[in-house]
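Asks: Here's a structure for you.
Structure (structure tokens):
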């Protein structure tokens with residue numbers, strides 16, 4: 021028989037004054053909350069600050085948690101809101117924590133770079149990464165969390181809706197528009213890149 025307590029059990033015990041239950045909840049979800057904050061803020065120091073804000077908010081509001089959604093969804097929502105507040109305070113471009121990225125046919129924008137690629141292909145991927153990071157950074161605040169939660173973290177539309185407090189159609193609409201914005205930016209880059217390659221080829225004739 022499993023001795024692992026559920027989130028709801030830990031919450032009930034915390035409400036009775038058991039601080040260990042709060043610490044166990046935080047330990048259970050701190051890595052996921054940090055990962056989300058890091059993807060949102062694109063800076064490890066900012067993500068750490070967001071995480072501390074999240075822990076403070078959870079401690080302060082946990083006694084009033086109504087359980088209308090899962091604890092994890094509630095925590096994600098707090099993390100998204102705290103991350104957006106941090107971004108609004110600091111709009112300067114930052115280095116994103118996403119790895120090599122290219123658009124796939126299934127609209128998933130994260131791909132690994134094979135070790136066997138030629139140096140020019142690796143350089144191209146790196147340049148595309150920078151373009152994509154900048155485009156994600158410039159997504160509207162209403163769109164960026166949807167894109168990150170859905171396409172980067174791989175959550176379902178229902179899960180994203182629960183976290184952000186929006187309907188599934190709204191999730192799909194914002195995700196679609198986010199993808200269009202990113203794809204438009206990437207298409208523009210590829211057109212400019214192709215033109216540059218053609219100029220190089222002509223110069224070598």
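In this note's numbering, the protein residues as written are 21 to 225.
Here a beta-carbon is modelled for each residue, glycine too, at the ideal position from N, C-alpha and C.
What you are looking at is a predicted structure, and each value in this text was computed from that prediction instead of being measured.
1. Where does residue 181 land, buried or exposed, given buried means 16+ other C-beta within 10 angstroms?
2. Relative to the alpha-carbon of residue 36, which residue among 187, 153, 83, 43 has its alpha-carbon at the smallest distance?
3. Does residue 87 come out as helix, strand or coil in the three-state DSSP assignment?
4. Under 8 angstroms: do the region 93 to 109 and the region 205 to 214 share three or more Cβ pairs, one atom per stretch?
5. Flag this pair as yes or no: are the beta carbons of residue 177 and residue 192 separated by less than 7 angstroms?
6. Please list the terminal residues of the continuous alpha helix (DSSP H) segment that includes residue 51.
7. Would you identify the three-state DSSP class for residue 210, choosing helix, strand or coil?
8. Beta carbon of residue 151, beta carbon of residue 209: below 7 angstroms?
9. Whole-angstrom Cβ separation of residue 54 and residue 67, contact assumed at under 8 angstroms?
10. Is the distance from the Cβ of residue 103 to the Cβ of residue 57 below 7 angstroms?
11. Measure how close the beta-carbons of residue 42 and residue 79 come, nearest whole angstrom, since I'm counting them as under 8 angstroms.
12. When the cut-off is 7 angstroms and only beta carbons count, does residue 91 lie next to chain C?
13. What is the DSSP secondary structure of residue 165, counted as helix, strand or coil?
14. Do you know offhand how far residue 161's Cα is from residue 100's?
15. In angstroms with no decimal places, state the Cα-to-Cα distance between residue 154 and residue 198.
16. Can you grab the Cα-Cα spacing for the pair residue 24 / residue 183, in whole Å?
Replies: Taking the definition as stated:
1. The residue given as residue 181 occupies position 161 in the chain shown. Residue 181 should be labelled buried.
2. As a working note, residue 36 is residue 16 in the chain shown. Closest by alpha carbon: 83.
3. Residue mapping note: residue 87 aligns to position 67 of the chain shown, counting from 1. Coil, per DSSP.
4. Contact between the region 93 to 109 and the region 205 to 214 is absent, because fewer than three Cβ pairs lie under 8 angstroms.
5. As a first step, residue 177 is located in the chain shown; it is residue number 157 there, counting from the start. As a first step, residue 192 is located in the chain shown; it is residue number 172 there, counting from the start. Yes.
6. By one-based count along the chain shown, residue 51 stands at place 31. In the DSSP assignment, residue 51 falls within the unbroken alpha helix (DSSP H) covering 39 to 61.
7. Counted from its first residue, the chain shown places residue 210 at position 190. Shown here, residue 210 sits in a helix according to DSSP, grouped into three states.
8. Along the chain shown, read from residue 1 onward, the residue named residue 151 stands at position 131. Along the chain shown, read from residue 1 onward, the residue named residue 209 stands at position 189. Going by beta carbons, residue 151 and residue 209 fall inside the 7 angstroms limit.
9. By one-based count along the chain shown, residue 54 stands at place 34. By one-based count along the chain shown, residue 67 stands at place 47. About 6 angstroms; that satisfies the 8 angstroms criterion.
10. The residue you call residue 103 lines up with position 83 of the chain shown. The residue you call residue 57 lines up with position 37 of the chain shown. Yes, Cβ-Cβ distance for residue 103 and residue 57 is below 7 angstroms.
11. Counted from its first residue, the chain shown places residue 42 at position 22. Counted from its first residue, the chain shown places residue 79 at position 59. Going by Cβ atoms, the distance from residue 42 to residue 79 rounds to 6 angstroms, so yes, they are a contact pair.
12. The structure shown contains no chain C; it is built from a single protein chain.
13. What you label residue 165 is simply residue 145 of the chain shown in a count that begins at 1. Here residue 165 carries a helix assignment [DSSP, helix/strand/coil].
14. Sequence index remark: in the chain shown, residue 161 carries index 141 (1-based). Sequence index remark: in the chain shown, residue 100 carries index 80 (1-based). If I take the Cα positions, the gap works out to 10 angstroms.
15. Locating residue 154 in the chain shown gives position 134, counting from the first residue. Locating residue 198 in the chain shown gives position 178, counting from the first residue. Cα to Cα, residue 154 sits roughly 13 angstroms from residue 198.
16. On the chain shown, residue 24 is found 4 positions in, with the first residue counted as 1. On the chain shown, residue 183 is found 163 positions in, with the first residue counted as 1. For the pair residue 24 and residue 183, the Cα-to-Cα distance works out to about 24 angstroms.
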